[in-house]
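Trainee: Input: one structure, supplied below.
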Amino acid sequence: MDTAKIQYRDQEWEVKSGMTVRDAIQKGGLDPSAVLALKNKKLINDQTILEAGDEIRLVNVISGG
Amino acid sequence: MKCDICGGVAVIGMPQHRLNLCAEHFVEWVPRMVERVIRRYAMFTRDERVLVAVSGGKDSLALWEILIDLGYQTEGVYIHLGIDHDAYSDVSQEHVRRFAEGHADVPYRVVDVRQEYGLSVPELSKTGRGKRLCSACGLVKRHIMNRIAYEGGYAAIATGHNLDDEAAVLLQNTLHWQSGYLRRQAPVLPSTHPRLARKVKPLCNLYERETAAYALVKGISFVELECPHATRATTIFYKELLNKLEGRSRGAKMQFYLHFLKAKEEGLFAPEKADADSETALRECRQCGQPTTAEELCAFCRLWQNIEAHHD
Ligand code: SF4
Ligand SMILES: [Zn+2]
Ligand SMILES: [Zn+2]
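See the structure below:
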């Protein structure tokens, strides 16, 4: 397995390991400044290189109130 | 990406400050930024009691946490609007309850609009003539916060508006040259009447990303859902525009807002002509006593009066 899983709201997509979180976010069509990434519930920076089997949850940071 | 202080793994990069920080140093840095803003704008002191408007979202809970950490005297207020869709109000309230429980039962109160006034905010906006939901909601929230601050003798009402919120409003108001709104947009709105507490925005120097990161690192649980009635389109559109700008030129968003404040201090805007008059023209509402420029009833009381008239 050389992929990582990215989850955002009710969407999920897979990306190749070895890419950065930032690239993975853009792959999903999102703006990297609009989300934060969590791995095992811990915040990680968007330059982090994804490893095979990583499960990343993205949290939206833009609210419209 | 390494922490600029300790060399450990950074959890966040803040290009506008040319600063990357690890979890430990980030949660030290955020309160320092907030403290600086509180002092810079003389928002409140440690001898004053501050009412924090908490919605259950990331910003207001992060704000509350920071003020508690910094040793300010706070009390939270959660206004239950009666938004039943997705159980939004109940879920939000639960986050506030959990927060208080996790913070040595810091004091907070819940005002349930339906229980106290007879209708939920969505019901209110459906029944009466006029007022769209969000403007009725804003009116209700302001009225209740003012009332509680006055009754409890609080010096200030603090809200969780962050720099992105402020910059989005600023952009919108600038594009429409809303000079009245531009004059009044500020980190502190001084009290203009003994029954109106000062309004303060201690997070106005932090990006939305940072308040969210702070809440996540601190393990604060918050509602991630938007209010189902949020007029997402406008505010989010402006925020996205600003983020695009920021992507091209780091710090653009921060400069846009902070330079506006500076320009204002330097006298970019002439004081409102009517200011002196309109302030003396504040009367007390015949029904609730809150200051209003209207002759008889304030906008809040008129909202409910319309409904009673409607029912008859
Ligand atoms: S989106 Fe509208 S209805 Fe929902 S909380 Fe905000 S102002 Fe109230
Ligand atoms: Zn560090
Ligand atoms: Zn009134």
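Going down the list, the sequences are from chains A and B. With our numbering, the residue at position 52 of the first sequence is 782, and numbering never jumps. With our numbering, the residue at position 183 of the second sequence is 166, and numbering never jumps. Glycine included, each C-beta is placed from N, C-alpha and C at the ideal position.
(1) At a CB distance below 9 Å, what residues from the stretch 21 to 50 of chain B approach chain A? Give them in sequence order.
(2) What are the uninterrupted segments assigned as beta strand (DSSP E) that are 3 or more residues long and contained completely in the stretch 3 to 74 of chain B, given in chain order?
(3) In angstroms with no decimal places, state the Cα-to-Cα distance between S43/B and L773/A.
(4) Using 7 Å as the cut-off, classify the Cβ of H0/B as near or not near the heavy atoms of ligand 2, replying yes or no.
(5) Evaluate the contact criterion for the stretch 23 to 38 of chain B versus the stretch 125 to 140 of chain B: three or more CB pairs, one atom per stretch, below 8 Å.
(6) Any chance the CB of L122/B is under 7 Å from a heavy atom of ligand 3?
(7) Measure the alpha-carbon distance for E7/B versus L265/B and round it to whole angstroms.
(8) For G54/B and R29/B, which I take to be in contact (beta-carbon distance under 8 Å), what is that distance rounded to the nearest angstrom?
(9) Could you please give the first and the last residue of the uninterrupted alpha helix (DSSP H) stretch that includes G121/B?
(10) For D67/B and C120/B, I'd like the C-alpha separation in whole angstroms.
(11) Using a Cβ-Cβ cut-off of less than 7 Å, list which residues of the stretch 190 to 205 of chain B approach chain A; keep chain order.
(12) Would you say the beta carbon of F283/B is closer than 7 Å to some non-hydrogen atom of ligand 3?
(13) So if I measure from each beta-carbon to every heavy atom of ligand 2 and keep distances below 5 Å, which residues remain?
(14) Kindly give me the distance between the Cβ atoms of I21/B and I127/B, rounded to whole angstroms, as I take these residues to be in contact under 8 Å.
(15) Would you say V789/A reaches chain B, if we count a Cβ-Cβ gap shorter than 8 Å as a contact?
(16) Counting only beta-carbon separations shorter than 8 Å, does G85/B have a partner in chain A?
(17) Against chain A, with Cβ distances strictly below 8 Å, would V(-6)/B count as a contact?
(18) Evaluate F252/B with the Cβ neighbour count: other Cβ atoms within 10 Å of its Cβ, from every protein chain shown; 16 or more gives buried, anything less gives exposed.
(19) If N156/B sits next to L186/B, beta carbons under 8 Å apart, how far is it from one beta carbon to the other, in whole angstroms?
(20) Within 10 angstroms of its Cβ, does G(-9)/B collect 16 or more other Cβ (buried), or is it exposed?
(21) Can you look up Y100/B in the DSSP assignment and give me helix, strand or coil?
(22) Which two residues bound the contiguous beta strand (DSSP E) that contains V94/B?
(23) Below 8 Å CB to CB, which residues in the same chain sit around L153/B once its five sequence neighbours on both sides are set aside?
(24) Report yes or no: do three or more beta-carbon pairs, one from the stretch 272 to 280 of chain B and one from the stretch 219 to 232 of chain B, lie closer than 8 Å?
(25) Could you say if the stretch -2 to 16 of chain B and the stretch 72 to 91 of chain B meet the contact criterion of at least three C-beta pairs nearer than 8 Å?
(26) Given a threshold of 16 other Cβ atoms within 10 Å of its Cβ, counted over all protein chains shown, does G65/B qualify as buried or as exposed?
(27) Below 6 Å CB to CB, which residues in the same chain sit around P(-2)/B once its five sequence neighbours on both sides are set aside?
(28) Identify each residue in the stretch 749 to 768 of chain A for which the Cβ-Cβ distance to at least one residue of chain B is less than 8 Å, and report them in chain order.
(29) Over the uninterrupted alpha helix (DSSP H) stretch that includes V352/B, give me the two end residues.
(30) Determine whether the beta carbon atoms of W47/B and G39/B lie at a separation below 8 Å.
(31) Does DSSP put E279/B in a helix, in a strand, or in coil?
(32) Interface residues of chain A around I219/B at Cβ under 7 Å?
(33) Does the distance from the C-beta atom of A45/B to that of A141/B stay below 8 Å?
(34) Between I792/A and R192/B, what straight-line distance do the alpha-carbon atoms span, to the nearest angstrom?
(35) Since L788/A and Q737/A are thought to touch, with beta carbons under 8 Å apart, how far apart are those beta carbons, to the nearest angstrom?
(36) Please check if any C-beta of chain A sits within less than 8 Å of the C-beta of A139/B.
Mentor: From the atom records:
(1) Answer set for the stretch 21 to 50 of chain B: S38, G40, K41 and D42.
(2) Within the stretch 3 to 74 of chain B, the complete beta strand (DSSP E) runs of at least 3 residues are 32 to 36 and 56 to 63.
(3) Taken atom to atom, the span from the alpha-carbon of S43/B to that of L773/A is near 20 Å.
(4) No.
(5) As far as the Cβ criterion goes, the stretch 23 to 38 of chain B touches the stretch 125 to 140 of chain B, which means the pair count is three or higher.
(6) Because no heavy atom of ligand 3 lies under 7 Å away, the Cβ of L122/B does not count as near it: no.
(7) Counting only the Cα atoms, L265/B lies some 48 Å from E7/B.
(8) Contact flag correct, Cβ pair sits at about 6 Å.
(9) Element bounds for G121/B: L116 to G135.
(10) Rounded to the nearest angstrom, the two C-alpha atoms are 14 Å apart.
(11) If the cut-off is 7 Å between Cβ atoms, the stretch 190 to 205 of chain B has E191, R192, A195, A196, L199 and V200 near chain A.
(12) Proximity of the beta carbon of F283/B to ligand 3 is indicated: a heavy atom of the ligand is located closer than 7 Å.
(13) Taken from the N-terminal end onward, the list reads C(-14)/B, I(-12)/B, C(-11)/B, G(-9)/B, C5/B and H8/B.
(14) In fact, because the Cβ distance is near 24 Å, the residues do not count as touching under 8 Å.
(15) When Cβ-Cβ separations below 8 Å define contact, V789/A makes contact with chain B.
(16) No, no contact with chain A.
(17) Using a Cβ-Cβ cut-off of 8 Å, V(-6)/B counts as an interface residue toward chain A, since at least one Cβ of chain A sits closer than that to its own.
(18) The residue in question, F252/B, is exposed, as its Cβ has fewer than 16 Cβ neighbours within 10 Å.
(19) Contact doesn't hold; Cβ gap of about 19 Å is too wide.
(20) Taking all protein chains in view, the Cβ of G(-9)/B is surrounded by fewer than 16 other Cβ atoms within 10 Å, so the residue is classified as exposed.
(21) DSSP places Y100/B in helix when its eight states are reduced to three.
(22) Where V94/B is concerned, the enclosing beta strand (DSSP E) stretches over Y91 to D95.
(23) The answer, listed in chain order, is L165, Q168, F239, Y240 and F243.
(24) The stretch 272 to 280 of chain B is not in contact with the stretch 219 to 232 of chain B.
(25) No, the stretch -2 to 16 of chain B does not touch the stretch 72 to 91 of chain B.
(26) Answer is buried; the Cβ neighbour count reaches 16.
(27) Scanning its chain for C-beta atoms nearer than 6 Å, with the 5 sequence neighbours on each side dropped, one finds around P(-2)/B the residues R233, in chain order.
(28) Within the stretch 749 to 768 of chain A, the qualifying residues are D761, S763, A764, L766 and L768.
(29) The structure shown does not extend to residue 352/B, since chain B is modelled only from -16 to 295, so the question has no answer here.
(30) Not closer than 8 Å, so no.
(31) The answer is coil: DSSP assigns E279/B none of H, G, I, E or B.
(32) Those are I792 and G794, listed as they occur along chain A.
(33) No, these two residues do not count as a Cβ contact at 8 Å.
(34) So the two alpha carbons sit approximately 8 Å from each other.
(35) With a Cβ gap of about 7 Å, L788/A and Q737/A count as contacting.
(36) No, no contact with chain A.
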